[in-house]
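Note sheet for the following structure.
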Amino acid sequence: MVAASGPARAIHGIMEVEKKIIRLAEERNVHGRRFEWNDDLDFGHLLDPVPLSVFAAGGKSAEVEFSQAELARVVSVVDAATDTKINQIVQTLAGET
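Quick note on numbering: the sequence shown equals residues 47 to 143 in the numbering used here.
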C-alpha cells in the first residue's frame with residue numbers, strides 16, 4: 047500500500063473536519079449546514095492554507111483557514127489547535143460567540 051501524499055492526506059482531513067463539525071453542530075441543533083472549501087479545489091489545486099466557509103440556517107456563517115499540514119494530521123492525531131478551530135466554527139453558527 048502506498049502512503050498518501052500531503053495534499054491527498056489533507057483532502058482526507060477535509061472530510062474528517064466536516065464530520066466533526068456535523069457531529070458538534072447536531073449536538074447544538076445547528077441545521078442547514080453548507081461547506082465551501084478552497085475555491086480552487088475543483089481545479090485540482092489545494093490552497094495552503096485551505097479556506098473554509100460554513101453556512102447555517104438563519105444566515106449564520108463562520109470562516110476559518112486550515113493549513114494542509116493541520117488537515118493531514120487531523121486524520122490520525124487529536125490536535126488541540128484544530129479542535130479549537132472546529133469548536134469556534136460551531137459556536138459561531140450556534141450563536142454562542
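All C-beta atoms in this analysis are idealised placements derived from N, C-alpha and C, irrespective of residue type, glycine included.
A quick note: this is a predicted structure, and the numbers were derived from the prediction, not measured.
**Report entry** When Gly141, Ala54 and Phe112 are compared against Ala102, the one with the closest alpha-carbon
**Finding:** Sequence index remark: in the sequence shown, residue 102 carries index 56 (1-based). Answer by Cα proximity: Gly141.
Query raised in the report: Roughly how many angstroms separate the alpha carbons of Ile67 and Ile57, rounded to a whole number?
Result: To locate residue 67, count along the sequence shown from 1; it is residue 21. To locate residue 57, count along the sequence shown from 1; it is residue 11. Distance between the alpha carbons of Ile67 and Ile57: 16 Å.
Query - Neighbour-count burial assignment, Leu139, 16 or more Cβ in a 10 Å radius - result: Along the sequence shown, read from residue 1 onward, the residue named residue 139 stands at position 93. When all chains shown are included, Leu139 counts as buried.
Query - Endpoints, alpha helix (DSSP H) assigned at Ala54 - result: Here the question's residue 54 lines up with position 8 in the sequence shown. Note, Ala54: alpha helix (DSSP H), Gly52 to Glu73.
Query raised in the report: Between Val123 and Gly104, what straight-line distance do the alpha-carbon atoms span, to the nearest angstrom?
Result: What you label residue 123 is simply residue 77 of the sequence shown in a count that begins at 1. What you label residue 104 is simply residue 58 of the sequence shown in a count that begins at 1. Rounded to whole angstroms, Val123 to Gly104 spans 34 Å at the Cα level.
Query raised in the report: Ends of the beta strand (DSSP E) at Ala103?
Result: Counted from its first residue, the sequence shown places residue 103 at position 57. Per DSSP, Ala103 is not a residue of any beta strand (DSSP E), being assigned neither H nor E.
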